[in-house]
Amino acid sequence: MGGVNQDGVAVSFREVSRHYGAVKAVDGVSFDILDGEFFAMLGPSGSGKTTCLRLIAGFEQPTSGIVSIHGKDMAGVPPYDRDVNTVFQDYALFPHMNVLDNVAYGLMIRKVPAAERRRQAEEMLEMVALGGFGGRKPSQLSGGQRQRVALARALVNHPSVLLLDEPLGALDLKLREQMQVELKAIQRRVGITFVYVTHDQGEALSMSDRVAVFNQGRIEQMARPNELYENPATAFVAGFVGVSNLLAPAVAERLTGRKAHCSIRPEKIHLAAPGATAPANAMAVEGRVAAILYLGASTRYDVALDGGGEITVNVQNRDQHAEPAEGERVLLWWEARHLMQLAG
Amino acid sequence: MTSASLSNRTSTYLFNHPRLVLLLLLLPPLLWLGIIYLGSLFSLLAHSFFAIDDFTGKIVYDISLDNFVRLFSDANRAIILRTVLMASVVTIICGIMAFPLAYYVARYASGRVKALFYIAVMLPLWSNYLVRVYSWKLILAKEGVIHWLFEALGLGWLLNWILTLPVVAGSSLSTSYIGTALTFTYIWLPFMVLPIQASLERVPRSLLEASSDLGARPGETFRKVIFPLAVPGIAAGSIFTFSLTLGDYIIPQLIGSSRPFIGQAVYQLQGTAGDIPMAAAFAMVPILIMAIYLTIAKRMGAFDAL
Chain A
1 MGGVNQDGVA
11 VSFREVSRHY
21 GAVKAVDGVS
31 FDILDGEFFA
41 MLGPSGSGKT
51 TCLRLIAGFE
61 QPTSGIVSIH
71 GKDMAGVPPY
81 DRDVNTVFQD
91 YALFPHMNVL
101 DNVAYGLMIR
111 KVPAAERRRQ
121 AEEMLEMVAL
131 GGFGGRKPSQ
141 LSGGQRQRVA
151 LARALVNHPS
161 VLLLDEPLGA
171 LDLKLREQMQ
181 VELKAIQRRV
191 GITFVYVTHD
201 QGEALSMSDR
211 VAVFNQGRIE
221 QMARPNELYE
231 NPATAFVAGF
241 VGVSNLLAPA
251 VAERLTGRKA
261 HCSIRPEKIH
271 LAAPGATAPA
281 NAMAVEGRVA
291 AILYLGASTR
301 YDVALDGGGE
311 ITVNVQNRDQ
321 HAEPAEGERV
331 LLWWEARHLM
341 QLAG
Chain B
1 MTSASLSNRT
11 STYLFNHPRL
21 VLLLLLLPPL
31 LWLGIIYLGS
41 LFSLLAHSFF
51 AIDDFTGKIV
61 YDISLDNFVR
71 LFSDANRAII
81 LRTVLMASVV
91 TIICGIMAFP
101 LAYYVARYAS
111 GRVKALFYIA
121 VMLPLWSNYL
131 VRVYSWKLIL
141 AKEGVIHWLF
151 EALGLGWLLN
161 WILTLPVVAG
171 SSLSTSYIGT
181 ALTFTYIWLP
191 FMVLPIQASL
201 ERVPRSLLEA
211 SSDLGARPGE
221 TFRKVIFPLA
231 VPGIAAGSIF
241 TFSLTLGDYI
251 IPQLIGSSRP
261 FIGQAVYQLQ
271 GTAGDIPMAA
281 AFAMVPILIM
291 AIYLTIAKRM
301 GAFDAL
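Laid out in structure tokens, this is it:
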């Protein structure tokens with residue numbers, strides 16, 4: 001059962017590395033995942049997030065460092081002796097078994113009597129809204145349904161930690177959004193620690209309690225979603241999580257007087273007619289509209305700044321605002337606190 | 001009208017009539033299968049109901065079941081039983097030998113090792129069948145390398161004791177059923193390895209990880225996931241080894257106790273004895289056995305994972 005540990009830490013990495021020859025897939029990573037937390041590992045492909053997940057599951061062993069689950073060092077402990085279960089990216093449902101036998105597989109291995117495991121598996125199928133599908137083969141299900149079976153097959157064992165490896169990656173957009181809501185709800189209900197690997201920053205932000213952003217085998221930043229978005233620690237995080245205008249030190253110096261990497265979110269910027277007065281405390285700069293992209297809910301303006309540099313502005317299409325045309329001059333302004341200074 | 005535009009028009013016409021293309025492609029093989037293959041099979045079946053005139057040796061076209069009754073004489077029953085037992089033993093040995101090899105290649109080998117594997121498995125098929133069988137006759141002979149090896153290791157008494165056992169007894173391996181089985185196994189092994197390897201190749205690694213993740217030890221994962229998914233490959237391989245052994249008439253003639261197998265019976269009946277109808281009846285036996293074999297395999301779900 002997903003018991004609450006005394007120290008409240010479900011999974012802990014201490015200086016963990018996993019090298020494949022010269023490739024450092026994971027490079028000296030340390031972090032704690034708390035009990036009952038929805039923890040996302042976010043990063044581009046090859047950033048080490050999936051390797052970290054596989055280190056927790058036991059499919060990989062660290063080259064150095066310690067991975068522990070609920071305080072127990074997992075060195076040399078095979079996957080079948082770990083109290084964690086995985087939802088695989090390709091679902092990995094057993095094609096020769098029906099849905100019910102797939103879900104009951106873990107219970108069967110633990111020698112739960114047939115009637116009891118059938119009852120539990122059916123109950124779990126009900127929870128993922130697949131009641132009555134037990135007799136079907138995985139090949140007869142849609143992608144979304146397979147995904148739920150994979151989830152049920154893992155959850156039925158009541159692991160202390162559930163690992164999810166890009167579980168929504170193969171689904172279309174609408175289904176993905178629906179599953180995001182459902183996954184979050186299921187996590188609340190069962191209270192199990194979820195460790196969620198994704199390269200989709202939207203998914204990570206919307207579902208997680210905390211997000212670790214991976215890049216090149218290291219963690220760039222670990223924070224709550226809003227903190228990550230509003231206060232990215234590095235240029236990589238600012239660029240990877242949401243859209244950012246990264247300002248080179250030279251451009252930033254012109255605007256702020258400080259020579260440092262800075263970033264500003266496109267939706268924080270106001271667009272005004274040239275010559276208009278910006279509020280006190282605001283930073284302002286003039287430029288010329290280089291491109292306009294109509295995005296439906298918002299419109300994106302790429303503005304070439306006077307004296308070099310380009311800034312993207314996102315304007316919500318709340319009502320019919322005065323739209324500058326391509327090539328027109330505009331004034332951009334934003335509140336000074338929205339300009340973020342980055343570490344690297 | 002130039003020839004270029006004619007070929008253009010032909011292409012366009014064929015593009016718009018895909019069923020015609022299909023028909024053109026399938027016509028030669030369908031004719032071959034229909035006339036040459038099924039036709040001769042039917043003719044064979046038909047002949048098994050006729051008989052020869054003992055005096056003239058000519059075929060008498062009167063339908064009777066006499067040939068099939070004769071199949072159940074003691075001598076013929078022994079031939080059938082001997083052949084089926086040999087085919088079963090060869091199939092089982094092939095399965096046991098092929099599986100680990102196929103598993104290793106499907107799971108661990110890659111690139112060059114895999115290419116080497118294919119060459120190693122196929123290589124024997126590139127050399128002459130008779131040459132290979134005679135080579136085995138030499139290997140298995142009293143003066144051959146296996147007898148020599150047992151003597152050299154001081155185990156000659158063991159081999160000699162094995163060769164006194166009932167059924168498999170013989171003066172040397174080359175005159176014992178053991179030799180026959182060994183040679184059959186060698187000759188048919190590729191036909192077992194390749195289908196098993198193909199079926200294992202289709203099992204994604206994530207399935208094994210999922211099983212392990214759900215608490216199954218490697219042995220359980222093998223029994224519950226790997227083996228069931230390999231069964232269609234094993235079934236396909238066993239169809240080859242079983243039916244090829246049932247029909248072979250060279251190996252049991254050259255190696256073994258020289259008691260006849262079905263293939264030899266057919267060979268002698270249609271050749272020396274000139275009894276084509278009886279040969280035809282005998283030839284029906286492997287077909288019937290394979291039909292039963294496939295039915296049982298299907299009943300047991302051997303093809304469910306296909």
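As given, the protein sequences belong to chains A and B, one line each in that order. Using full-length UniProt numbering, the first residue of the first sequence is number 1, and each one after it goes up by one. Using full-length UniProt numbering, the first residue of the second sequence is number 1, and each one after it goes up by one. Think of the CB as a built atom: it goes at the ideal place given N, C-alpha and C, for glycine as much as any other residue.
**Message:** Considering only the alpha carbon of each residue, which of B/T221, B/M192 and B/F15 lies closest to B/T245?
**Reply:** Residue nearest to B/T245 within the set B/T221, B/M192 and B/F15 is B/M192 (criterion: CA-CA distance).
**Item:** Endpoints, beta strand (DSSP E) assigned at A/Y196
**Value:** Per DSSP, A/Y196 belongs to the beta strand (DSSP E) from T193 to T198.
**Prompt:** Got a sec? Which residues, its chain only, sit under 6 angstroms from A/P83 by beta carbon, not counting five neighbours each side?
**Reply:** According to the sequence as given, residue 83 of chain A is Asp; it is not Pro. P159 and S160.
**Request:** State the beta-bridge partners of B/I52 as determined by DSSP.
**Result:** DSSP lists B/I59 as partners of B/I52.
**Prompt:** Cα separation between B/R259 and B/L163?
**Reply:** When rounded, the distance between both Cα atoms is 16 angstroms.
**Message:** Counting beta carbon pairs with one atom in the segment 57-75 of chain A and one in the segment 212-229 of chain A, are three or more of them shorter than 8 angstroms?
**Reply:** At 8 angstroms Cβ cutoff, the stretches do not touch.
**Prompt:** Can you list, in chain order, the residues of the segment 208-224 of chain B whose Cβ is nearer than 8 angstroms to any Cβ on chain A?
**Reply:** Residues E209, A210, S211, S212, D213, L214, G215, A216, R217, E220 and K224.
**Item:** Three-state secondary structure assigned by DSSP to A/L305
**Value:** In the displayed model, A/L305 falls within a strand according to three-state DSSP.
**Prompt:** Using a C-beta to C-beta distance shorter than 9 angstroms, which residues of chain A count as neighbours of B/L229?
**Reply:** F94, P95 and H96, listed in chain order.
**Request:** Excluding the 5 residues preceding and the 5 following B/N231 in the sequence, name in chain order all residues of the same chain whose CB lies nearer than 6 angstroms to its CB.
**Result:** With the sequence shown as reference, residue 231 of chain B is identified as Val, and Asn is not the correct amino acid for it. Within the same chain, B/V231 has close Cβ partners A302.
**Prompt:** Just the Cα atoms here: how many angstroms apart are B/K298 and B/A236?
**Reply:** If you draw a straight line from the Cα of B/K298 to the Cα of B/A236, it comes to about 11 angstroms.
**Request:** Give the secondary structure of A/V112 by DSSP, where H, G and I count as helix, E and B as strand, and everything else as coil.
**Result:** Coil at A/V112, not helix or strand.
**Message:** If I measure Cβ to Cβ from A/T50 and keep anything under 7 angstroms in the same chain, skipping five residues before and after, which residues do I get?
**Reply:** Sequence-distant partners of A/T50 (beyond 5 residues in either direction) whose C-beta falls short of 7 angstroms from its own C-beta, in its chain, are D165 and V197.
**According to DSSP, residues forming a beta bridge with A/T312** = Beta-bridge pairing by DSSP links A/T312 to A/D302.
**Message:** Is it the case that the segment 214-230 of chain B contacts the segment 81-98 of chain B, given that we only count it when at least three CB pairs across the two stretches are under 8 angstroms?
**Reply:** The answer is no - the segment 214-230 of chain B does not touch the segment 81-98 of chain B, with fewer than three Cβ pairs under 8 angstroms.
**Prompt:** From the beta carbon of B/S199, is the nearest beta carbon of chain A less than 7 angstroms away?
**Reply:** Judged by the 7 angstroms Cβ criterion, B/S199 is not in contact with chain A.
**Request:** Could you tell me whether the Cβ atoms of A/P167 and A/V87 are closer together than 7 angstroms?
**Result:** Yes.
**Message:** Within 10 Å of its beta-carbon, does B/D213 have 16 or more other beta-carbons around it, so buried, or fewer, so exposed?
**Reply:** Result: buried.
**Request:** With DSSP as the reference, please indicate the residues paired to A/E286 in a beta bridge.
**Result:** DSSP output for A/E286 lists A/L331 as bridge partner(s).
**Request:** Return helix, strand or coil for A/N215, following the three-state DSSP convention.
**Result:** The answer is strand: DSSP assigns A/N215 an E or B state.
**Request:** Under 8 angstroms by Cβ, that's how I've got B/V200 and B/Y118 pegged, so tell me the actual separation to the nearest angstrom.
**Result:** What sits at residue 200 of chain B in the sequence shown is Leu, not Val. Rounded, the Cβ-Cβ distance is 15 angstroms, inconsistent with contact.
**Request:** Under 9 angstroms between beta-carbons, which chain B residues line up against A/F39? List them in chain order, please.
**Result:** Those do not exist, as A/F39 stays about 18 angstroms from chain B at its closest Cβ, beyond 9 angstroms.
**Request:** Can you say whether A/M1 is buried or exposed, counting buried as having 16 or more other CB atoms within 10 angstroms of its CB?
**Result:** Unreliable placement is indicated for A/M1, whose pLDDT of 39 sits below 50; the coordinate value is still reported in the next sentence. Exposed.
**Asked** Going by alpha carbons, who is nearest to A/Q178 out of A/D302, A/L162, A/Q147 and A/A238?
**Response** The residue with the shortest Cα to Cα distance from A/Q178 is A/Q147.
**Message:** Taking 6 angstroms as the cut-off, is the beta-carbon of A/E335 closer than that to any non-hydrogen atom of the ligand NAP?
**Reply:** Within the structure as shown, the ligand NAP is missing, as the structure has no ligands at all.
**Item:** Cβ neighbours of A/D27 in the same chain (closer than 6 angstroms, five flanking residues each side left out)
**Value:** When the five nearest sequence neighbours on each side are left out, the beta carbons in the same chain lying within less than 6 angstroms of the beta carbon of A/D27 are those of S17, G217 and R218, in order along the chain.
**Prompt:** How many Å lie between A/R224 and A/N281 at the Cα?
**Reply:** Distance between the alpha carbons of A/R224 and A/N281: 28 angstroms.
**Asked** Using a Cβ cut-off of 8 angstroms, which residues of the segment 188-211 of chain A contact any Cβ in chain B, in chain order?
**Response** Answer set for the segment 188-211 of chain A: empty.
**Message:** Would A/P79 pass as an interface residue toward chain B - the criterion being a Cβ-Cβ separation below 7 angstroms?
**Reply:** At a cut-off of 7 angstroms between beta carbons, A/P79 contacts chain B.
**For B/V193, the first and last residue of its enclosing alpha helix (DSSP H)** = First-last of the alpha helix (DSSP H) with B/V193: Y177 to E201.
**Item:** B/S110: contacting residues in chain A (beta-carbon distance under 9 angstroms)
**Value:** Within 9 angstroms Cβ-Cβ: nothing; B/S110 doesn't reach chain A, min ~15 angstroms.
**Message:** For the beta strand (DSSP E) containing A/K174, name the first residue and the last one.
**Reply:** Per DSSP, A/K174 belongs to no beta strand (DSSP E); it is in the alpha helix (DSSP H), L173 to V190.
**Which residues DSSP lists as bridging A/A40, in chain order** = Per DSSP, the beta bridge partners of A/A40 are A/Y196 and A/V211.
**Prompt:** Taking 7 angstroms as the CB-CB limit, is B/S206 close to chain A?
**Reply:** With its beta carbon less than 7 angstroms from one in chain A, B/S206 belongs to the interface.
**Message:** Excluding the 5 residues flanking A/E37 on each side, which residues of the same chain have their C-beta closer than 8 angstroms to its C-beta?
**Reply:** If we look at A/E37 and ignore the five residues flanking it on each side, its Cβ neighbours are A10, T193, F194, D209 and R210.
**Prompt:** Between which two residues does the beta strand (DSSP E) containing A/T86 stretch?
**Reply:** Bounds of the beta strand (DSSP E) holding A/T86 are V84 to V87.
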